[in-house]
Each structure stands twice: as structure tokens, then as C-alpha cells.
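So the number in this note's numbering is just where the residue sits in the sequence shown, counting from 1, plus 19.
Note that CB positions come from ideal geometry on N, CA and C, so glycine has one too.
This one's a predicted model, so the numbers in the text were calculated from it and none came from an experiment.
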Amino acid sequence: MSKGQGFGFGLGKMKELTEAFKKAQQVQEGAKQLQEDLEKMEIEGQAGGGMVKVVLSGNQEPRRVEISADVLGEGAEVVSDLVTAAMKDAYNKSTATMREKMEELTGGLNLPGL
Numbered sequence: 020m021s022k023g024q025g026f027g028f029g030l031g032k033m034k035e036l037t038e039a040f041k042k043a044q045q046v047q048e049g050a051k052q053l054q055e056d057l058e059k060m061e062i063e064g065q066a067g068g069g070m071v072k073v074v075l076s077g078n079q080e081p082r083r084v085e086i087s088a089d090v091l092g093e094g095a096e097v098v099s100d101l102v103t104a105a106m107k108d109a110y111n112k113s114t115a116t117m118r119e120k121m122e123e124l125t126g127g128l129n130l131p132g133l
């Protein structure tokens with residue numbers, strides 16, 4: 020090893036490392052706020068032209084299911100299919116919302132692996 024080389028960490032590398040830690044801390048703080056925001060959100064999925072609605076939090080926790088009285092006469096199988104379709108719709112919307120919010124949080128930070 021050459022004299023004065025240390026472990027290959029020059030001042031420039033230390034500055035990059037310090038900046039990376041700062042960015043990681045920003046993401047961590049933003050992620051905590053995002054988690055709180057997602058918990059407060061209500062994301063609705065629908066099926067049957069809105070006759071069945073499923074509401075999830077932004078964290079995909081079930082909140083409620085709303086079933087129109089008009090669809091109840093269609094039979095259990097139809098109601099079950101509509102509830103399942105509404106759940107999938109809500110899940111897809113929730114997943115897209117989480118992805119979008121994470122991209123907003125990490126956008127421009129150029130963190131490896133994110």
C-alpha cells in the first residue's frame with residue numbers, strides 16, 4: 020500500500036458517504052411520514068357499476084365493504100364475485116398509490132437499490 024493512501028477513502032469519498040447517509044436519513048424520515056399518511060387514506064375499489072364497494076387504507080388494511088341492496092337478490096355467488104372484484108380493484112389502486120408515493124419519496128435521491 021502506498022504511503023498516504025489509507026484504505027482508499029479520500030476526502031471525496033468521505034463526502035459522498037456523508038451525503039449518502041444524509042439522503043438515507045431523509046428517506047427514513049419521509050417513509051415514517053408516508054406510513055402515517057397511508058394509514059389515514061381511504062382507497063375504494065368498486066364492482067358491478069358501484070353496487071359493491073371495498074374500502075382499504077393506503078396500507079391495504081380493510082376498512083369496510085358496502086353492498087347495495089339491489090345486488091343482494093342476485094344470489095350469493097354473484098355477490099361473492101362482485102366483492103372479490105371490488106377487493107382486487109381496491110388492492111390494485113392501493114398498490115399503485117403506495118408505489119407512486121414511494122417514487123415521490125425516493126425520486127432524485129439516486130440511492131442504490133431503490
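inquiry  = Per the DSSP calculation, GLN65 is bridged to which residue(s)?
reply    = LYS72
query = Excluding five sequence neighbours on each side, which residues of the same chain lie with their C-beta closer than 8 angstroms to the C-beta of LEU53?
reply = Only LYS120, MET121, LEU124 meet the Cβ criterion.
request  = Report yes if the CB atom of GLN72 is closer than 8 angstroms to the CB atom of GLU80, and no otherwise.
outcome  = Note that residue 72 is Lys in the sequence shown here, rather than Gln. No, Cβ-Cβ distance for LYS72 and GLU80 is not below 8 angstroms.
message = With DSSP as the reference, identify every bridge partner of VAL84, one or two as the case may be.
response = Beta-bridge pairing by DSSP links VAL84 to VAL73.
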